[in-house]
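As structure tokens, the structure follows; a few thoughts come after it.
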Amino acid sequence: MTIDFSRDKPIYSQLVDRICGDILKGKLVLGDRLPSVREYAVETGVNVNTVQRVYKELEAMNITETKRGQGTFITTEEERIALLREEMKTQLADHFLTSIEALGFSKEEMIVVLQNKS
Amino acid sequence: MLQLSNVSFRYMKKPILQDVSFSFPVGQIIGLVGENGSGKSTLLKVLTGILRPSSGEVLLNGTPVTRRSADKIAYLPDIDLFFDFYTGEQLFQHYASQFEDFSYDKACIVAEFLQVDKSVKLRQLSKGNRGRMKMAATLGREVPYYVMDEPFSGLDPIVREQLIKGLIQFTDIEHQTILLSTHELYEVEPILDQIILLQNGSIIAHEEVETIRDMSNKDAVQWMKAFYKKG
């Protein structure tokens, strides 16, 4: 699978985004078991320490929970996922606004463009 | 703990390593980078006891490293393995006879993971397959330190990717340390905890890889290149 990571952000944070993205896309579902740290490290071509950090971060975000002896699982709390959806939309919006501001475009101009998009 | 303490190495009066000090902790994958001729190979050979420093010490858990310390350090050289008339199977048997810590079973599992046939003579294997076989033999040794000199050199991207995955799969990050020199920093960076930059025989920088990205929004390659722009 080895991923092409972007150069400007820590790898662990890109993997956190990737897993959150997989949840929003439906590739990962409530209660799904994540691969073991080592499995995911091998899959993505990443250091085990980094994946450990990813899994810790996801747990701190309450996106996942670790069950002793069983593994790490996506949360079963639907509200948390709904919140994730909102968080992701806000993040995308922030990136978008930063990009357009850099080029001098206003939010209103872009809303027109977006609305005209089929 | 493997340590270099004010190590210098001269070859025929030419300084190759200059006052190098570093501690290699257990449980990390450390990348050694630097231009050709910066002294990487020499540093690794001094570390493994193959070369003796002109001054300074190399210490493994407080004791000076000699060739006999080879029982805690597995070395993967950049040259082709000797005995190229051996098959992979014979190579494993040879390692088993030399090293108590060698697990024949593990080496076979790694060879299978890397999809290399151990019944073929090494000299009949393609370069990529010889690289796989070297890695299988090296990882077959259960030691706290793996020292690898350009393990991905001259290998195609597919082989490189498989070797990287093999490295992650078959080492125990809690009890083992891998130190490897590489020119393929872009591909190897994701598996590195730390990176050491060697220039003209001195360590001019070292950093945790995620810190580089966290602090400067750059990747390790860009970080490394910045040092060459300055000098």
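Line by line, the protein sequences give chains X and V. Every position in the first sequence, counted from 1, becomes a number in my numbering once 932 is added. Every position in the second sequence, counted from 1, becomes a number in my numbering once 66 is added. Backbone N, C-alpha and C define an ideal beta-carbon position, used for all residues, glycine too.
* Asked: So, helix, strand or coil for proline 130 of chain V, using DSSP?
  -> strand
* Asked: What does lysine 295 of chain V reach in chain X if we use C-beta pairs closer than 8 angstroms?
  -> Those do not exist, as lysine 295 of chain V stays about 17 angstroms from chain X at its closest Cβ, beyond 8 angstroms.
* Return the CA-CA distance between glutamine 1047 of chain X and glutamate 1041 of chain X, expressed in angstroms with no decimal places. => 10 angstroms
* Asked: Based on the DSSP output, what are the partners of threonine 1004 of chain X in its beta bridges?
  -> X:Thr998, per the DSSP bridge assignment.
* Exposed unless 16 or more other CB atoms sit within 10 angstroms - verdict on tyrosine 170 of chain V -> exposed
* Asked: Is there a Cβ from chain V that is less than 8 angstroms from the Cβ of lysine 959 of chain X?
  -> Chain V contact via Cβ: absent.
* To do: Check the Cβ of proline 256 of chain V against every Cβ in chain X and list those closer than 9 angstroms, keeping chain order.
  => Thr934, Ile935, Phe937, Ile943, Thr976, Gly977, Val978, Asn979, Thr982
* **Coarse secondary structure for lysine 187 of chain V, derived from DSSP in three states** => DSSP places lysine 187 of chain V in strand when its eight states are reduced to three.
* Asked: Are the segment 1020 to 1040 of chain X and the segment 969 to 988 of chain X in contact at 8 angstroms, needing three or more beta carbon pairs?
  -> no
* Taking only runs of the beta strand (DSSP E) that begin and end inside the segment 234 to 266 of chain V, which ones reach a length of at least 3 residues, in chain order? -> 243 to 247, 260 to 265
* Asked: Going along chain X, which residues have a C-beta under 7 angstroms from isoleucine 95 of chain V?
  -> Under a criterion of Cβ atoms nearer than 7 angstroms, the residues of chain X adjacent to isoleucine 95 of chain V are, in order, Asn979.
* Given that a residue counts as buried once 16 or more other Cβ atoms are within 10 Å of its Cβ, and exposed if not, what is tyrosine 77 of chain V? -> exposed
* With 8 angstroms set as the bound, which would you pick, yes or no: does the beta-carbon of glutamate 123 of chain V sit closer than that to a beta-carbon of chain X? -> No - not a single Cβ of chain X is within 8 angstroms of the one on glutamate 123 of chain V.
* Asked: Exposed or buried, phenylalanine 218 of chain V, counting other C-beta atoms within 10 Å across all chains shown (16 or more means buried)?
  -> Buried is the call here.
* For the beta strand (DSSP E) that arginine 76 of chain V lies in, which residues bound it at each end? -> 68 to 77
* Contact list for alanine 878 of chain X against chain V, beta-carbon separation under 7 angstroms -> Shown here, chain X extends from 933 to 1050; a query on residue 878 of chain X therefore has no answer.
* Given a cut-off of 8 angstroms, decide if valine 225 of chain V and glycine 194 of chain V are closer than it, judged by their beta-carbon atoms. => Yes, they are a contact pair.
* Residue range of the unbroken beta strand (DSSP E) whose run includes leucine 142 of chain V -> Per DSSP, leucine 142 of chain V belongs to the beta strand (DSSP E) from 139 to 142.
* To do: Helix, strand or coil for aspartate 940 of chain X, going by three-state DSSP, please let me know.
  => coil
* To do: Kindly say whether glutamine 288 of chain V, judged by its beta-carbon, lies nearer than 8 angstroms to any beta-carbon of chain X.
  => yes
* To do: Please confirm if aspartate 940 of chain X has its CB atom under 8 angstroms from at least one CB of chain V.
  => yes
* For the putative contact between alanine 136 of chain V and glycine 115 of chain V, defined by C-beta atoms under 8 angstroms, what is the C-beta separation to the nearest angstrom? -> The pair is a contact, with the Cβ atoms about 7 angstroms apart (cut-off 8 angstroms).
* Asked: What do you get for threonine 982 of chain X, buried or exposed, if any count of 16 or more other CB atoms within 10 angstroms of its CB means buried?
  -> Its Cβ being crowded by 16 or more others within 10 Å, threonine 982 of chain X is buried.
* Asked: Counting only runs that start and end within the segment 950 to 1027 of chain X, where is the beta strand (DSSP E) found for 3 or more residues in a row?
  -> 996 to 999, 1003 to 1006
* Can you name the start and end residues of the beta strand (DSSP E) that glutamate 92 of chain V belongs to? -> The displayed chain sequence assigns valine, not glutamate, to residue 92 of chain V. Valine 92 of chain V -> no beta strand (DSSP E), and no H or E assigned at all.
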